[in-house]
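Heads up, the thing below is written out as structure tokens.
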Amino acid sequence: MSSSLENLLHARTGPMTSDMVLHPADFGLGHVPARLNPVATTSSVCGFCSTGCALKIHLNEKGEAINLTADPHYPVNLGMACPKGWEVLTPLAAPDRAITPLLRDPHTGELAAVTWERALAAFTGNFQRIQREHGPHALAFLSTGQIVMEEMALLGALAKFGMGMLHVDSNTRQCMATSHVAYKQSFGFDAPPFTYRDFEESDALLFIGANPCIAHPIMWQRVMMNRRNPEIVVIDPRATETAQAATLHVPLRPKSDLTLLYGLAHLLISRGTVKREFVAAHTTGFAGFAAFVRDFTPARVAAETGVPETTLDRLANIIGRRERVSLWWTMGVNQGHEATRTAQAIINLALMTGNIGRPGTGANSITGQCNAMGSRLFGNATSLLGGYDFGSPSDRAHVAGILRLDPARIPDRAGYAYDQILDAIDRGEIRGLWVIATDPAHSWINQTHARAILAKLDFLVVQDMYATSETARAAHLVLPAAGWGEKEGVLINSERRLGLVKKVARAPGQALSDFAIFKLIADAWGCGEMFRTWRSPEATFQILKELSRGQPCDFSGIRDYAHIADAGGIQWPFTSADADSLRISDSGLRIAQSEIRDPQSEIKKTDRERRLFSDGKFYHADRRARFLFDPPRPLPEASDAKYPFLLLTGRGSSAQWHTGSRTDKSAVLRKLAPTVLTVEIHPADAAAASIASGDRVVVRSRRGTAEAIALVTATVQTGQLFMPMHFAAVNRLTFAAFDPHSRQPAYKACAVAIAPE
Ligand SMILES: Nc1nc2c(c(=O)[nH]1)N[C@H]1C(S)=C(S)[C@@H](COP(=O)(O)OP(=O)(O)OC[C@H]3O[C@@H](n4cnc5c(=O)[nH]c(N)nc54)[C@H](O)[C@@H]3O)O[C@H]1N2
Ligand SMILES: Nc1nc2c(c(=O)[nH]1)N[C@H]1C(S)=C(S)[C@@H](COP(=O)(O)OP(=O)(O)OC[C@H]3O[C@@H](n4cnc5c(=O)[nH]c(N)nc54)[C@H](O)[C@@H]3O)O[C@H]1N2
Ligand code: SF4
Ligand SMILES: [Mo]
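Be aware that the sequence shown starts at 3, since it is given in this note's numbering, and climbs by one per residue.
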């Protein structure tokens with residue numbers, strides 16, 4: 003047994019350091035009886051959504067979590083948390099935690115417990131054989147926006163620089179790829195410009211394809227704290243909880259957003275409410291854009307979107323006349339067949355009205371997973387570590403210099419996107435796949451096809467907290483991973499805030515942190531020396547700081563983990579110069595003292611809430627933002643006589659997380675949401691099909707079927723159905739179409755039929 007493995011597996015006593023493990027029996031599967039009184043409290047950022055709330059974790063004398071409360075001093079959540087946050091410790095104690103490595107026995111066909119040594123040998127043996135026989139690019143990984151930044155970076159560096167992989171991607175493709183590409187093309191860097199304070203500072207907030215009441219409840223609480231009597235507009239085909247709380251709901255035809263947004267640009271131009279000075283000083287491409295939107299007349303837009311001309315008029319008034327307008331978007335935009343241009347149509351509206359860089363403004367993409375932002379910067383998939391470009395020799399040389407490795411080890415191009423990786427598996431070009439903290443056999447689009455493809459793999463490794471995920475069940479090898487709270491590291495939230503996750507529980511059995519697993523694999527693979535200085539998550543953080551230096555995301559001014567914790571999280575950019583000027587005076591700061599909340603706090607308040615572009619300077623070489631646009635295209639799969647409904651999918655409740663992987667383990671959360679798949683249908687459609695609420699129905703598409711319980715409600719329009727994505731059957735129905743720029747799947751529209759069972 004290698005000494006590092008031995009250390010990891012036998013360190014069962016002493017203080018809570020990074021990667022120690024304990025047998026579940028030692029502490030009752032990760033949970034300490036609640037009757038123990040806490041002796042200390044620490045603060046840690048929640049590991050579910052990208053809001054990045056901080057939770058006060060109350061600890062026993064061994065430094066283990068007993069229970070938690072929301073952190074009242076953290077600038078994000080101000081003492082609030084949603085049901086998932088309150089229950090975030092519970093999934094750690096689930097009985098189906100993976101507690102040993104599992105290897106599929108060739109004789110029985112079953113997964114059986116093996117030692118870590120055997121597992122590592124199986125990993126390297128199978129993967130190195132595949133590379134010998136089919137070339138280095140016959141291996142790929144699919145990872146996640148739900149592990150800490152240091153783990154993502156180590157994985158990306160290990161796979162590409164150490165193991166010679168080219169094709170790597172993550173579930174961030176399903177989620178944020180569109181925002182990443184849209185910002186990069188428009189602003190010159192993937193940079194959501196806002197700070198959460200903007201929710202409170204706006205005169206008008208437009209939510210486009212976003213349902214924050216369900217998906218980002220604490221952000222919604224920040225909207226509710228707005229004292230400016232704001233107009234709140236929700237553009238969503240469904241009358242969601244958020245739409246019902248809005249001052250104006252615009253139930254447009256699904257995927258007609260691009261036409262609507264171009265129509266609004268047309269109206270703003272024809273009314274002369276464009277901020278010409280801002281446009282002239284800080285952007286390029288406006289003249290071409292203005293000519294392009296000339297065709298998007300109110301009559302045409304109303305006909306194509308289903309939004310009446312009077313509503314278009316009201317929308318144009320809100321955007322054109324209100325002093326501070328913020329535009330927010332999420333998956334109703336990102337998951338579409340023309341998603342990137344739609345996101346950019348939102349950016350265009352903010353640019354042409356000068357709604358950027360000022361309090362309460364912005365073209366603001368709300369992120370999904372707790373660390374999707376980290377994966378955009380450090381996943382090493384589309385961008386080279388730190389937001390650099392694989393295609394640029396000088397970027398490669400720079401990164402190689404910091405990491406002290408041969409620049410030739412850095413690929414000179416980005417590899418395949420998620421869908422292209424699956425296609426390559428289908429063709430037999432990729433033979434081995436490593437899946438980390440995501441569940442493609444539930445969450446990927448058009449499941450029947452996806453599963454058939456995964457079944458073709460010579461070797462499938464799944465690294466997960468649970469051996470019961472849909473993908474883990476199909477794996478040849480399962481590596482048991484520690485989860486949130488059982489390890490430390492940094493998450494970056496939607497407003498670019500780096501927050502700290504603390505180790506407050508010991509992983510059960512032989513489960514190890516993803517960081518420790520990657521280090522063991524590096525050693526077993528024979529490239530451990532390359533990662534010698536990546537000793538621990540915090541040592542790795544210091545390396546990532548260097549990679550960020552000089553980039554728009556520069557956070558080299560952050561000293562260490564303690565600095566992040568003391569400051570209540572720190573938003574990038576935070577350069578060394580920022581750190582110096584903050585220490586000396588507040589004068590160089592981009593935020594007025596009047597904007598600072600929490601006057602009692604001793605923490606340096608000035609670095610708590612910052613937004614980008616207050617100087618109107620963007621990240622392209624000419625420092626100007628771009629107007630980007632394309633003509634709208636028809637729906638990839640429109641409804642027709644045989645499949646007369648359009649199926650929308652999305653989040654069902656604030657208590658359900660994705661595949662249910664973690665939230666289903668909590669009895670409290672299970673009580674807060676339906677435990678069976680439901681399908682929402684309009685009363686008129688239900689009556690026509692003789693369907694009543696509570697009836698068992700079958701929803702069919704050209705690709706598969708799903709059984710569900712009907713929920714008759716006028717929150718969906720006629721001709722449309724809605725199903726929550728938390729049940730695996732939903733993606734048996736979805737149609738695999740992709741945005742051409744971001745390659746993000748268009749999960750939110752496909753043609754289906756519905757009938758009583
Ligand atoms: N409780 C909970 N919270 C979560 C998550 C979770 O699983 N559960 N997941 C997190 C993640 S990873 C993400 S990415 C976010 C997602 O957060 P959201 O994007 O807010 O959630 P969704 O329900 O996926 O989609 C938002 C809305 O898009 C609408 N929509 C569908 N088609 C269209 C269209 O063509 N145009 C417009 N304008 N709207 C459309 C849907 O009706 C839906 O109400 O949530 C995060 N937060
Ligand atoms: N139809 C439809 N499909 C969708 C969507 C939609 O709106 N409609 N939304 C898409 C979006 S936006 C997203 S983000 C995806 C999400 O889809 P997935 O990423 O597949 O869903 P999760 O349930 O979050 O899966 C995370 C997995 O990681 C494991 N895990 C958690 N923490 C750790 C850890 O620290 N280490 C390791 N190794 N494992 C861990 C969990 O046990 C779980 O199995 O779904 C997409 N699919
Ligand atoms: S809103 Fe998001 S970050 Fe905050 S407690 Fe809920 S799941 Fe956690
Ligand atoms: Mo997501």
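C-beta atoms are modelled at their ideal positions from N, C-alpha and C, and glycine is treated no differently.
Residue of the options minimising C-alpha distance to residue i
i	options	result
residue 256	265, 307 and 300	307
residue 723	688, 739, 746 and 705	688
residue 151	482, 549, 190 and 262	549
residue 155	211, 377, 403 and 130	377
residue 420	73, 56 and 744	744
residue 705	677, 754 and 747	754
residue 541	486, 639 and 405	405
residue 504	261, 59, 511 and 53	59
residue 247	747, 759, 717 and 728	717
residue 726	147, 262, 375 and 650	650
residue 564	492, 330 and 497	492
residue 68	132, 233, 92 and 272	92
residue 178	337, 521, 324 and 659	337
residue 344	546, 74 and 262	262
residue 43	53, 54 and 72	72
residue 219	158, 758 and 656	656
residue 555	498, 524 and 309	498
For residue j and residue i, believed in contact at Cβ under 8 Å, the rounded distance
i	j	result
residue 693	residue 710	The Cβ separation is near 11 Å, so there is no contact.
residue 386	residue 532	About 16 Å separates the two Cβ atoms, so there is no contact after all.
residue 679	residue 751	With 8 Å as the limit, residue 679 and residue 751 do not qualify as a contact, their Cβ atoms being about 19 Å apart.
residue 192	residue 389	7 Å
residue 144	residue 437	5 Å
residue 90	residue 50	7 Å
residue 266	residue 317	6 Å
Cβ-heavy atom distance, residue i to ligand 4, below 7 Å
i	result
residue 177	yes
residue 485	no
residue 371	yes
Burial state of residue i (16 or more Cβ within 10 Å)
i	result
residue 434	buried
residue 742	exposed
residue 595	Summary for residue 595: the model assigns pLDDT 32, below 50, so the residue's position carries little reliability; its value from the coordinates is reported in the next sentence. Counting Cβ neighbours within 10 Å, residue 595 comes out exposed, since fewer than 16 surround it.
residue 212	buried
residue 25	Caution applies to residue 25, whose pLDDT of 34 falls short of 50 and renders its modelled position unreliable; the model cannot decide the point.
residue 173	buried
residue 640	exposed
residue 396	exposed
residue 285	buried
residue 169	buried
residue 109	exposed
residue 643	exposed
residue 399	exposed
residue 748	buried
residue 382	buried
residue 23	Residue placement at residue 23 cannot be trusted, given a pLDDT of 34 that sits under 50; the coordinates are not used to answer.
residue 602	Model confidence at residue 602 stands at a pLDDT of 39, short of 50, so the residue's coordinates are unreliable and nothing is read from them.
Residue i Cβ short of 7 Å to ligand 2 heavy atom set
i	result
residue 118	no
residue 471	yes
residue 444	yes
residue 352	no
residue 381	no
residue 652	yes
residue 363	no
residue 733	yes
residue 438	yes
residue 420	no
residue 495	no
heavy atom of ligand 1 below 7 Å from residue i C-beta
i	result
residue 237	yes
residue 716	no
residue 242	yes
residue 333	yes
residue 338	yes
Practice item. Closer than 5 Å is what we want: which residues have a beta carbon that near any heavy atom of ligand 3? List them in chain order. Key: 48, 50, 51, 53, 55, 83, 84, 86, 87 and 220
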